[in-house]
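Below is one structure, written out as structure tokens; the observations come after it.
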Amino acid sequence: MKMPLYTILPSLFIVCILLTKCEAGDVDDYFVNATLVKSDPGALCLTGKPAAYYFDHGFGSGVRNWLVYLQGGAWCNNVEYCATAYAQLKNLTLDPIPYSFKDILSNKKEVNPDFFNWNRVVIRYCDGSSFTSDSERVYEYNGTKLYFRGLRIYKAVMQELLHKLEMRTAKNALLVGGSAGGVAVSLHCDGFRDLLPHATRVKCFSDAGYFFPSKKFARGEIFTQTFQGLMAHGSIKALPEECTSRMSPHLCFFPQNVEQHIKTPIFFLMSAFDTVQVTWTFSANNTIKKCLTLLNCSDDIIKALQDLRLEFLSVLPKLSNASSRGILITSPTTHEQLSNYRWNSDMVVDGSDQKISKLFGDWYFDRKSIQIIDKYPCPYNCSVSQNTANDTGPHTILCKTLIVIVLLFNWMFSFLL
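Those letters in the sequence shown? Residues -24 to -1, 1 to 393, by mature numbering (1 follows the signal peptide of the UniProt record, and there is no 0).
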């Protein structure tokens, strides 16, 4: 029997809503508007736009606690690339749009149990240098003016947080960053602690920022070449002198060369099969790139990925009982784990289901020492809870299940008409 249109439309409407929510990700996301930096007119993004940050007030017991998140977004190391592809890719010619506060930035206790009611800040990444560049010179390429002011942006935002928003009275504080922002955390960690001399607890958290130059695979030098290019834009000023005094300054972007000098407690989170580390190391090998998403890895590729994992483990801080170093090395093919569903989802680490949010919270509040390296040498889709690089999270699975239920109900209902 043919179904009347009026019986189909309600179901289609519901399906459309569910599809929208599935595509949008977490249905509990909320957006915060940008605040433009006014204290330093010279704190400019690459293309000359004012620097910006996003701020959400803490509440309840968290009003004197602060979480400052440094955005990531790769690097640009020469004037031509910065002015063209990078600026377009990062939308740096546009004004900053509202930012989604979710996962470690969420204000919901069930998602972010230890930090939900803190003052939460995101510093917009628009300098392409991990907040290190510092040049008064204005460059120009084909009529586009370029400003390399990452360090100046970082300092200007910090001053506004300290004095305008009263972060100087913080009781607990946390500097967090992902990817290029995670690299920045390693470089700015001690300086952040120095800004808050009266705080009870100040720690740092680097997510997906423990990149390293592979010696086993020739293309691993691409990281070194990238960081070397940043030196032309004054980045040396942001690099720790303990490191630059004993090796070429550009090598001090690598956490393995600076972590031993970091006095402030810091936590490193990284997948042993981080997709940026893998794709940059094997950038000329399209077969490996396809393997990461299509799960059709040959034995040779799996062996190469496992060799890269072992090399990565060899440059990590040595495991010890020291509470000043938190380490969590997971195994899924992913990049950044704080800004997606992985933050508060069960994932298999060393054979047991654990949440990153719980492990990190235990470390931050000194409830437990956390130094965990997943021993399962899996280069892809290790378990049901460790999804592939497509990051199909629990919310997506639930949404699609509901869609199927709605469609089945609609189909069954048609036979009753």
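For glycine and all other residues, C-beta sits at the position ideal for the given N, C-alpha and C.
Query: Residue(s) in a DSSP beta bridge with threonine 11; Result: Tyr29
Query: Below-8 Å beta-carbon distance, lysine 344 vs any chain B residue; Result: Checking the listed chains, one finds no chain B in this structure; it contains a single protein chain.
Query: Rounded C-alpha distance that separates tyrosine 352 from glutamine 282; Result: 10 Å
Query: Whole-angstrom distance between asparagine 316 and glutamate -2, CA atom to CA atom; Result: With a pLDDT of 40 at glutamate -2, under the threshold of 50, the modelled position of this residue cannot be trusted, and the question is left open.
Query: Isoleucine 99 versus cysteine 165 - alpha carbon distance; Result: 15 Å
Query: Pick from Cys21, Gly154, Tyr45 that is closest to aspartate 121, judged by C-alpha positions; Result: The amino acid at residue 121 is misidentified as aspartate; the sequence shows lysine. Nearest option by C-alpha distance: Cys21.
Query: The region 167 to 174 touching the region 24 to 33, judged by at least three CB pairs closer than 8 Å; Result: no
Query: Segment contact, 8 Å Cβ cut-off, at least three pairs: the region 76 to 89 with the region 36 to 49; Result: yes
Query: Any non-hydrogen atom of the ligand HEM within 7 Å of phenylalanine 168 CB; Result: The ligand HEM is not part of this structure, which contains no ligands at all.
Query: Assigned exposure category for histidine 311 - 16 Cβ within 10 Å defines buried; Result: buried
Query: Rounded C-alpha distance that separates proline 293 from tryptophan 339; Result: 16 Å
Query: Boundaries of the beta strand (DSSP E) in which lysine 192 is found, first to last residue; Result: No beta strand (DSSP E) contains lysine 192, which DSSP labels as neither H nor E.
Query: Beta-bridge partners of glutamine 330, as assigned by DSSP; Result: Met323
Query: Whole runs of the alpha helix (DSSP H) within the region 205 to 250, excluding any shorter than 4 residues; Result: 217 to 220, 231 to 234
Query: Supposed contact pair glycine 210 and phenylalanine 124 - C-beta distance, whole angstroms, cut 8 Å; Result: 7 Å
Query: Limits of the alpha helix (DSSP H) - the one that valine 97 falls within; Result: Careful: valine 97 lies outside any alpha helix (DSSP H), inside the beta strand (DSSP E) at 95 to 99.
Query: Under the three-state DSSP convention, the category lysine 131 falls into; Result: helix
Query: Any 3 or more C-beta pairs closer than 8 Å across the region 131 to 140 and the region 205 to 221; Result: no
Query: Isoleucine 73 versus phenylalanine 181 - alpha carbon distance; Result: 25 Å
Query: Exposed unless 16 or more other CB atoms sit within 10 angstroms - verdict on aspartate 71; Result: exposed
Query: Endpoints, the beta strand (DSSP E) within which phenylalanine 168 is located; Result: Taken as a continuous stretch (DSSP letters only), phenylalanine 168 belongs to no beta strand (DSSP E), being part of the alpha helix (DSSP H) at 156 to 170.
Query: Length of the line joining the Cα atoms of methionine 323 and leucine 304; Result: 12 Å
Query: Candidates Asn54, Lys147, Asp276, Ser106, of which the one nearest asparagine 95 by Cα; Result: Lys147
Query: Extent of the continuous alpha helix (DSSP H) run through aspartate 283; Result: 275 to 290
Query: Glycine 1 - DSSP class collapsed to helix/strand/coil; Result: Confidence is the limiting factor: at glycine 1 the pLDDT is only 45, short of 50, which leaves the residue's position unreliable, though a coordinate-based value still follows. Three-state DSSP puts glycine 1 in coil, outside helix and strand.
Query: Simplified DSSP assignment, three categories, for alanine 149; Result: strand
Query: Helix, strand or coil at cysteine 180 according to DSSP, with G and I counted as helix; Result: strand
Query: Whole-angstrom distance between glycine 119 and alanine 156, CA atom to CA atom; Result: 28 Å
Query: Nearest to glutamate 116 (by Cα), restricted to the options Met143, Gly24, Ser162, Gln313; Result: Gly24
Query: Cα-Cα separation, serine 15 to alanine 61; Result: 30 Å
Query: Cα-Cα separation, residue 400 to asparagine 9; Result: The structure shown has nothing for residue 400, since the chain only spans -24 to 393.
Query: Residue environment, phenylalanine 341, which counts as buried when at least 16 other CB atoms sit within 10 Å; Result: exposed
Query: Distance between alanine 248 and asparagine 320 (C-alpha atoms, nearest Å); Result: 19 Å
Query: Cross-strand partners of valine 114 (DSSP beta bridge); Result: Tyr123
Query: Span separating the alpha-carbon of valine 234 from that of methionine 207; Result: 17 Å
Query: Environment of aspartate 5 [buried if 16+ CB atoms lie within 10 Å]; Result: exposed
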